[in-house]
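A short worksheet on the structure shown next.
There are 2 protein chains.
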Amino acid sequence: MFPGSKHEWLGAELRKQIEPLDAHTPLSTERELAVRYQVSRATVRTALRGLEAAGIVYRVQGAGTFVSDSTVSKTLTLTSFSEDMRRRASRPDSRVVVAGEVPAGSVIGGELRLSVDDPVVRLVRLRLADDEPMCLETSYLPAVLVPGLLGEDLSSSLYEKLDTLGIRPVRAEQVVTAVTTEDTEAGLLVVPPGAPALRVQRIGLDHRDQPVERTTSLYRADRYDLKFGVRREPLI
Amino acid sequence: MFPGSKHEWLGAELRKQIEPLDAHTPLSTERELAVRYQVSRATVRTALRGLEAAGIVYRVQGAGTFVSDSTVSKTLTLTSFSEDMRRRASRPDSRVVVAGEVPAGSVIGGELRLSVDDPVVRLVRLRLADDEPMCLETSYLPAVLVPGLLGEDLSSSLYEKLDTLGIRPVRAEQVVTAVTTEDTEAGLLVVPPGAPALRVQRIGLDHRDQPVERTTSLYRADRYDLKFGVRREPLI
DNA sequence: AAGTGGTCTAGACCACGGG
DNA sequence: CCGTGGTCTAGACCACTTT
């Protein structure tokens, strides 16, 4: 009751109870849960839908709801490098390579829905995990949205800083490609030139579908992979 | 009313109407739609949730529901190579490189939840798009699930064949990495040895969370990228 | 203040799965 | 057959955005 809605609370509660259970263990039925937690069945279903979307349970019509066998990963969600590394039990860090304000230009301007002359903050950072170079990240942000950002310490989480400014990407569109590293990139990542890398280009959008961030991440192929779940039909 | 549920029908209906609209155009309110289509507001919300999950609309509490500006792509769903290529307006084809039955072994056995001695069908195919090599695909399937598969023409869609056998992956767990091609792979893909490639390893699961397929796809980096949308929090 | 989407209820019937 | 999750209804109140 304290923070959010009933279904959110119930979802968190069930999550805790499910944690130690083996895969394919059946949960209580929706009707039982509704009685036990003194909520309507619709609320139970909303909570379960959240767990299903998170890859924690699966449901079979006519049979029941069961604990998922998630060997690989939870459904892909939008995360920052810092969050990602902490989840992998690594210590994230970063070194700022370039930080400054430049005109958007046509490519970045188009993607962030700005004019070519509108100023954007450009930020190139080398991201480290446990002091090892992991990823070279180039971010562009509309300058009007992030006043004073360039005066701050940029070696910690950018997403946390944006959050304090009221900027919260809730959705992103990503394009993933395999590339071989150029000389300067290879030098920064401490790999031989031509070593393979995973290039992830992301446009972050806020709750009104406005672009707030455009980031290209170049990950060392030997130290990074992208794990995620997909569904045949989007969940409804 | 003909094929499925009301919310499915309504979702498809709204989808058609939304198609020509500009991004950020507001839809009718949920209450209006409920009256117009003679359904409850809950049903309208179910339909809209589907469109939201598909990246077609976004909703802002207190303001309304709006057409998404999807420059890149719809949310990632589980698709076969054939579907994927047709969506990219390319003509898919394939050449069978190897097809046979082998013992699962510890790696494949573990992933498909079989014993090391259980037989699996191994299928290596070169996938073409518009007659150009695109991807080298190695699939493993539990042999008991696919009797007679090896006697059929395997150059068309594997997923369609599986479907006729009642095998339908609804979910998959994927791991994407960047690699450089080995000599034999490079030869089949017609790229220089050492050329970059995108490696997608997938375990397909049916509606009961049972593994039914394990496929490794090696895509030419110069001809393929992976586009998808992600959300900060899973949709509920 | 008015209107929007978000949450929640109590009830009903349907489609499917298992004994 | 019975019990399961899936769909649907009609209504209510809340949190939020806009005017």
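Protein chains in written order, with this note's numbering: chain L, -1 to 234; chain B, -1 to 234.
Cβ atoms here follow ideal geometry from the backbone N, Cα and C, with glycine treated the same way.
Put simply, of L:Ser80, L:Pro140, L:Phe64 and L:Ala32 the residue whose alpha carbon is nearest the alpha carbon of aspartate 115 of chain L is L:Pro140. The Cβ atoms of arginine 125 of chain B and serine 92 of chain B lie closer than 8 Å to each other.
Excluding residues up to 5 positions away in sequence, Leu8 lie with their Cβ nearer than 7 Å to the Cβ of tyrosine 35 of chain B in the same chain. Taking a Cβ-Cβ cut-off of 7 Å, the neighbours of aspartate 223 of chain L in chain B comprise Val173, Val174 and Thr175, given in sequence order. In terms of Cα proximity to threonine 214 of chain L, the closest of L:Arg206, L:Glu135, L:His205 and L:Ser153 is L:Glu135. In the DSSP assignment, threonine 175 of chain B forms a beta bridge with B:Arg197. L:Asp128 is the residue among L:Ala195, L:Phe226, L:Val58 and L:Asp128 whose C-alpha sits nearest the C-alpha of arginine 89 of chain L.
The beta carbons of proline 232 of chain B and alanine 52 of chain L sit about 5 Å from each other, so the pair counts as a contact at 8 Å. Neighbours of arginine 229 of chain B in chain L, taken as residues at a C-beta separation under 7 Å, are given in chain order as Thr75, Leu76, Val168 and Arg169.
Its Cα nearest to that of alanine 219 of chain L, the residue B:Pro194 stands out among B:Pro194, B:Tyr222, B:Leu203 and B:Ile201.
Interface annotation, threonine 63 of chain B: not in contact with chain L, CB-CB separation never under 8 Å. C-alpha of arginine 13 of chain B to C-alpha of leucine 49 of chain B: approximately 8 Å in a straight line. In the three-state reduction of the DSSP assignment, serine 104 of chain B falls in the helix class. For alanine 102 of chain L, the closest alpha carbon among the candidates L:Leu110, L:Val65 and L:Glu183 is that of L:Leu110. Residues of the same chain with a CB within less than 8 Å of the CB of aspartate 223 of chain B, apart from the 5 flanking positions on each side, are Leu196 in chain order.
For arginine 206 of chain B, the three-state secondary structure derived from DSSP is coil.
Assigned with DSSP and collapsed to three states, threonine 214 of chain B falls in strand. Beta-bridge analysis with DSSP links aspartate 91 of chain B to B:Leu126. In the structure shown, the three-state DSSP call for threonine 63 of chain L is strand. Within its own chain, the residues whose Cβ lies closer than 7 Å to the Cβ of proline 190 of chain B, once the five positions on either side in sequence are excluded, are Ala184, listed in chain order. In the DSSP assignment, tyrosine 56 of chain B falls within the unbroken beta strand (DSSP E) covering 55 to 58.
Taking 8 Å as the CB threshold, arginine 47 of chain L lines the interface with chain B.
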